[in-house]
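A.B. asks: Once you've had a glance at the structure underneath, I'll fire off some questions.
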Amino acid sequence: MKITSKKNIASAWWPNKFCSHLVIFFILFIFNCQVAFSQQLGEAKLKGKIKDQKGKPLELVNISVFGKPGGTISDKQGNYELLIPANTPSLVIFSFIGFEKQEFSINAKRGETLYHNVILSEVTEMLPSIIIQDERVRSTNLQRIDPKGVTVIPSVTGTLESLIKTLPGVASTSELSSQYSVRGGNFDENLVYVNDIEIYRPFLIRSGQQEGLSFLNSDLTSSILFSSGGFDAKYGDKMSSVLDIQYKRPEELAGSLSMSLLGASAHLEGTDRNKKFSHLTGFRYKTNQYILNALETEGDYFPTFLDLQTLLRYQINSRIEISVLGYLASNTFRFIPKTRETSFGTISEVKQLTIYFDGGEMDKYQTMMGAAQLTYKPQKNVQLKFITSTYSSDEKETFDIKGQYYIGKVDTGLGSENFGETVGTIGIGTYLDHARNYLQSNVINIEHKGSYEFSNKFFVWGVKYQNEQINDQLKEWNLIDSAGYTLPRPPDQINIENPQVMPLDMDFLTQSITKMNTNRVSGYVQNSWVLNEDSNEFTLTGGIRANYWDYSGDLLISPRISVSYNPNWKHDLLFRFATGYYYQPPFYKELRDFKGNLVPLQDAQKSIHFVAGADWNLTIWNRPFKFTTEAYYKHLDDLIPYEVDNVRIRYYADQKARGYAAGIDMKINGEFVPGIESWASMSIMKTEEDILGDYYFRYYDEDHQLIGTGPEENSDAALNERVEPGFIPRPTDQRFRFSMFFQDYFPTNPTYKMHLALYFGSSLPFGPPKSARYQQILRMPPYRRVDIGFSKQIIGERIYFPKNKPIMKISSLWLSLEVFNLLQVSNTISYVWVTDVTGVKYAVPNYLTPRQLNIKLVAHF
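For what it's worth, this note's numbering labels the leading residue of the sequence shown as 1, then goes sequentially.
Following this line, the structure appears as structure tokens:
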């Protein structure tokens with residue numbers, strides 16, 4: 001329980017009340033100051049037939065009038081009949097999961113019957129010469145996500161990963177970061193591709209406030225595919241998930257502009273007259289200074305995050321296309337801390353940590369990437385790709401921060417004059433954090449991918465060469481001084497020239513210089529078979545990957561297989577099963593221990609996936625829905641244990657572990673509100689690991705009473721009992737998670753909308769610094785957060801202006817108010833550990849962001 005002093009209660013109450021009044025004012029403004037009632041104009045009737053592109057009647061297609069309740073669905077023959085308002089323009093919407101939504105305007109007379117037949121197209125994404133259909137995606141463990149949701153989901157980061165975090169099996173405990181973990185894995189176990197090119201993340205980032213912009217630009221994105229396990233052999237060598245992004249293929253001149261209190265973005269796309277050349281460019285600027293100023297650590301925050309991306313394509317002829325992707329990013333974070341006050345403890349025993357700071361932090365992360373791709377189609381059903389790319393990063397992390405702190409007891413007596421005030425000091429001290437960390441990395445790739453589609457088979461293959469260069473210089477230490485004593489205090493020593501000046505025993509010390517230059521070769525082959533018998537569809541996909549790394553000399557073989565079965569039942573059900581080997585060879589971080597030294601000859605981490613699932617297309621309230629569920633078990637071997645602090649992962653590179661992850665994921669998505677999609681996800685999961693060869697001793701006295709524990713035998717104890725901890729929770733062991741993204745609109749005026757994102761994640765393990773892994777089984781409080789947004793469409797397809805006005809060039813314009821952390825929950829991301837002179841450590845929570853507002857303007861033209 002957090003207790004605020006009387007002096008701070010008023011200062012905390014005023015902005016919260018002001019924010020509440022501002023929210024109420026904005027809602028009243030947005031949801032109209034006027035109430036309009038339309039006349040009873042009578043009804044007309046609309047009838048017709050709905051088919052797919054092959055002429056097959058479509059059943060259960062949802063038909064509705066935009067902004068009106070109710071609607072209807074098509075029958076088994078695809079026929080429909082809908083009552084519509086008469087003598088007024090109406091927009092009729094046809095929607096069905098897996099097919100592109102179709103709209104048309106109509107104005108019928110009272111009592112009139114009109115006929116309109118519809119052909120719905122399957123949701124497709126055009127790649128060079130290949131159409132990826134949702135039916136093919138449905139038979140795999142991939143799920144498609146609409147990138148348009150990024151523009152409306154309320155999020156501090158505003159990135160595409162905000163949508164990923166709402167999916168089943170995906171966990172994140174920081175709204176400031178775009179990183180996520182999947183089914184018990186960590187941030188380093190996720191594959192990310194953009195236009196078939198693997199994307200990397202910086203190495204040195206340790207907190208979400210430093211992170212800046214991720215590579216993925218939602219303004220440029222046309223297709224998102226995500227798999228949380230059991231993915232195909234064509235994807236790379238990591239253990240948890242794959243995110244496959246395709247950027248847009250422009251068809252006409254268009255663009256967008258977005259501005260908010262947290263930054264701005266713009267994009268421009270277009271083609272030449274002959275449609276042979278196309279360009280796609282996006283620029284983003286982000287500053288989370290407004291957000292960071294609300295954190296408990298007061299100071300001067302200067303975050304500046306910029307990036308520029310461009311994709312150029314040129315169609316030489318009907319068979320050959322070339323494209324170039326360029327990326328440049330500069331993320332700078334400067335911080336001068338001043339003070340911090342944090343209350344912690346229990347209701348009956350509240351303590352307060354007060355810190356006064358000197359010094360500051362300066363971090364800079366510069367990233368560049370360039371890629372060129374040649375696509376050749378010798379035949380209609382054959383596609384060959386030749387890709388080369390280079391990724392380069394220059395990371396600098398420097399800080400010298402001195403904190404002078406005292407820990408006080410807080411008066412919790414309700415009748416006391418000093419209620420909420422610090423009445424006693426139980427610890428004082430000083431700590432000094434120092435870092436001069438520099439890392440340069442270069443990754444060069446040369447790759448070939450191909451595909452051949454024939455009859456009922458789809459064959460793909462690929463081969464890739466990769467060169468990695470790492471130059472790393474680390475120097476980081478932490479020193480704690482409590483009441484004049486340096487902690488840990490060095491033991492008394494003799495034969496020292498100056499006994500008054502003894503060598504310091506650092507609480508934490510990392511110092512190393514590392515250079516690496518390694519090569520990898522990988523390849524895969526994969527084939528898919530589709531068998532149809534009596535309208536029952538059976539799909540089998542099998543493949544094998546190989547990976548060789550010259551640093552370890554290991555050759556890894558990864559077979560993977562998946563099957564799906566779509567029976568010809570009354571209900572549209574599909575069953576899936578996937579299994580395979582997923583090796584993850586070390587990159588660089590996994591080889592580096594806590595002191596910065598490389599531990600060579602590490603085996604690749606291994607995960608064997610078993611995934612069984614089903615999805616069901618169903619109708620609820622005469623509207624389309626889809627329910628998906630997957631149960632999984634992952635057998636983990638040759639694991640490298642690690643600990644997580646905020647978003648920083650540090651590996652115990654000299655240790656090995658075995659483990660498992662098991663759970664079930666569920667998701668339901670559909671039109672909870674007619675015409676717009678929402679979804680809810682729930683995950684239950686357990687993951688544990690057993691550190692090989694770890695043990696500790698329990699010390700007992702003569703009466704067999706436990707008197708302590710330690711890593712070695714105690715000669716003063718009557719009995720030393722050796723204990724092997726066995727399986728312990730992994731750092732990502734989050735047993736339960738629920739998330740939801742919900743959209744709604746004002747029934748009488750659909751230009752007013754609401755968007756809500758809700759997250760709940762159960763507690764995660766943590767432990768004291770410098771402790772053994774078996775001791776890191778304490779639990780943080782659960783993560784709870786609700787973000788909500790209210791938006792008004794100022795310009796759009798249903799809001800018209802005179803044609804002679806320049807504003808007509810804007811196709812849509814939205815104004816939004818977002819309320820972050822609506823329920824004002826203090827979520828914990830990590831702990832700062834402070835020590836008194838007796839050596840007792842106190843875990844003081846680092847809280848994430850409180851309730852804040854954001855105003856956003858989004859325009860498309």
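The beta-carbon is built from N, C-alpha and C at its ideal position, and this holds for glycine as well.
Tell me whether Val611 is buried or exposed, calling it buried when 16 or more other Cβ atoms sit within 10 Å of its Cβ.
C.D. replies: With 16 or more Cβ atoms within 10 Å of its Cβ, Val611 is classed as buried.
A.B. asks: Near Ser129, which residues of its chain fall below 6 Å by C-beta distance, leaving aside the five closest residues on each side in sequence?
C.D. replies: With a pLDDT of 30 at Ser129, under the threshold of 50, the predicted position of this residue should be treated as unreliable, though the coordinate-derived value follows. Contacts found: Lys377, Gln383.
A.B. asks: Check Arg773 in the structure and name its three-state DSSP category.
C.D. replies: Note: Arg773 maps to helix in three-state DSSP.
A.B. asks: By Cβ distance, which residues of its chain are closer than 6 Å to Thr281, with the 5 residues on each side in sequence left out?
C.D. replies: So the list reads Leu268, Thr310, once near-sequence residues are dropped.
A.B. asks: Roughly how many angstroms lie between the CA atoms of Val834 and Gln179, to the nearest whole one?
C.D. replies: Those two C-alpha atoms are separated by around 28 Å.
A.B. asks: Quick one: residues in its chain with C-beta nearer than 8 Å to the C-beta of Leu167, no 5 flanking neighbours on either side, listed in chain order?
C.D. replies: Excluding residues within five positions, the ones whose Cβ falls inside 8 Å are Gln143, Ile145, Phe226, Ser228, Lys667, Ser681, Ser739.
A.B. asks: Considering Ile164, what are the terminal residues of the beta strand (DSSP E) in which it resides?
C.D. replies: Ile164 -> not in any beta strand (DSSP E); alpha helix (DSSP H) instead, spanning 161-164.
A.B. asks: Can you confirm whether the region 189-197 touches the region 694-713 when touching is taken to mean that 3 or more C-beta pairs between the two stretches lie within less than 8 Å?
C.D. replies: Taking 8 Å as the limit for Cβ pairs, the verdict is that the region 189-197 does not touch the region 694-713.
A.B. asks: For Trp616, list the residues DSSP reports as bridge partners.
C.D. replies: Trp616 pairs with Leu573, Phe627.
A.B. asks: Measuring alpha carbon to alpha carbon, tell me which residue in Arg436, Met780, Gly659 is nearest Lys364.
C.D. replies: When each option's Cα is compared against that of Lys364, the closest is Arg436.
A.B. asks: Here's the rule I'm using: 16 or more other beta-carbon atoms within 10 Å means buried, otherwise exposed. How should Ile795 be labelled?
C.D. replies: Result: buried.
A.B. asks: Along the chain, where does the beta strand (DSSP E) containing Leu315 start, and where does it finish?
C.D. replies: The question names Leu, yet the displayed sequence has Gln at residue 315. First-last of the beta strand (DSSP E) with Gln315: 297-315.
A.B. asks: Identify which residue in Tyr752, Gly429, Arg138, Ile63 has its Cα closest to the Cα of Phe627.
C.D. replies: Checked all of Tyr752, Gly429, Arg138, Ile63; the closest Cα to Phe627 is Arg138.
A.B. asks: Please classify Val858 as buried or exposed, where buried requires at least 16 other C-beta atoms within 10 Å of its C-beta.
C.D. replies: Flag for Val858 reads buried.
A.B. asks: Apart from the five residues on each side of it in sequence, which residues of its chain come closer than 7 Å, Cβ to Cβ, to Glu296?
C.D. replies: Excluding positions up to five away in sequence, the list reads Arg340, Glu341, Thr342, Tyr847.
A.B. asks: Do you know how far the Cα of Pro303 is from the Cα of Val61?
C.D. replies: Their backbone Cα atoms lie some 49 Å apart in a straight line.
A.B. asks: Quick check on this structure: which residue in Asp300, Tyr406, Lys338 has the alpha carbon closest to the alpha carbon of Lys351?
C.D. replies: With distances taken between Cα atoms, Lys351 lies closest to Tyr406.
A.B. asks: Where do the N-terminal and C-terminal ends of the beta strand (DSSP E) with Glu689 fall, by residue?
C.D. replies: Looking at the DSSP string, the run of the beta strand (DSSP E) that includes Glu689 is 676-691.
A.B. asks: For Val844, does the three-state DSSP call read helix, strand or coil?
C.D. replies: Three-state result, Val844: strand.
A.B. asks: Pick out whichever of Ile106, Leu83, Tyr80, Phe99 has its Cα sitting closest to the Cα of Leu91.
C.D. replies: The option with the nearest alpha carbon to Leu91 is Ile106.
A.B. asks: What is the DSSP secondary structure of Phe801, reduced to helix, strand or coil?
C.D. replies: For Phe801, the predicted structure reports a pLDDT of 49, less than 50, and the residue's modelled location is therefore unreliable. A value from the coordinates is still provided. Coil.
A.B. asks: Can you tell me whether Ile855 is buried or exposed, with buried defined as 16 or more other CB within 10 angstroms of its CB?
C.D. replies: Ile855 should be labelled exposed.
A.B. asks: Over the uninterrupted beta strand (DSSP E) stretch that includes Ile291, give me the two end residues.
C.D. replies: Unbroken run through Ile291 is the alpha helix (DSSP H), 289-292; no beta strand (DSSP E).
A.B. asks: Say whether the region 244-261 touches the region 594-605, bearing in mind that this needs 3 or more beta-carbon pairs closer than 8 Å, one atom from each stretch.
C.D. replies: The region 244-261 vs the region 594-605: no contact.
A.B. asks: In chain order, which alpha helix (DSSP H) runs of at least 4 residues are fully inside the region 218-300?
C.D. replies: The qualifying runs are 289-292.
A.B. asks: Between the C-alpha atoms of Glu624 and Asn190, what's the straight-line distance to the nearest angstrom?
C.D. replies: The identity of residue 624 in the sequence shown is Pro, whereas the question assumes Glu. Approximately 31 Å between the Cα atoms of the pair.
A.B. asks: Quick check on the DSSP output: the beta strand (DSSP E) that includes Glu211 runs from which residue to which?
C.D. replies: Unbroken run through Glu211 is the alpha helix (DSSP H), 208-211; no beta strand (DSSP E).
A.B. asks: May I ask you to verify whether the region 542-560 touches the region 470-484, counting CB pairs closer than 8 Å and requiring at least 3?
C.D. replies: Cβ pair count under 8 Å is below three, so no.
A.B. asks: Below 6 Å CB to CB, which residues in the same chain sit around Glu631 once its five sequence neighbours on both sides are set aside?
C.D. replies: For clarity, residue 631 is Ala in the given sequence; the question names Glu instead. Closer than 6 Å at Cβ, skipping near neighbours: Ala612, Ile664.
A.B. asks: Looking only at its own chain, which residues have a Cβ that is under 8 Å from the Cβ of Ile788, when we skip the five neighbours before and after it?
C.D. replies: Closer than 8 Å at the Cβ level, and outside the excluded window around Ile788, lie Pro154, Met754, His755, Leu756, Ala757, Glu818, Val819, Leu822.
A.B. asks: Met368 bridges to which residues according to DSSP?
C.D. replies: Leu328, Ser392, per the DSSP bridge assignment.
A.B. asks: List the whole-angstrom C-beta distance separating Lys338 from Glu298, where the pair is believed to meet the contact cut-off of C-beta under 8 Å.
C.D. replies: Their Cβ separation, rounded to whole angstroms, is 5 Å, which keeps Lys338 and Glu298 in contact under 8 Å.
A.B. asks: When DSSP labels each residue in this structure, what does Gly462 get in the three-state scheme?
C.D. replies: In the structure shown, Gly462 sits in a strand (DSSP, three-state: E or B).
A.B. asks: Tell me which residues share the same chain as Asp219 and place their Cβ nearer than 7 Å to its Cβ, disregarding the 5 neighbours each side in the sequence.
C.D. replies: Excluding positions up to five away in sequence, the list reads Ser256, Ser265, His267, Gly282.
A.B. asks: Which one or two residues does DSSP pair with Trp621 in a beta bridge?
C.D. replies: Trp621 pairs with nothing; no bridge assigned.
A.B. asks: Look at the alpha carbon of Tyr582 and the alpha carbon of Ile608, and state the distance between them as a whole number of angstroms.
C.D. replies: If you take the alpha carbons of Tyr582 and Ile608, they lie about 6 Å apart.
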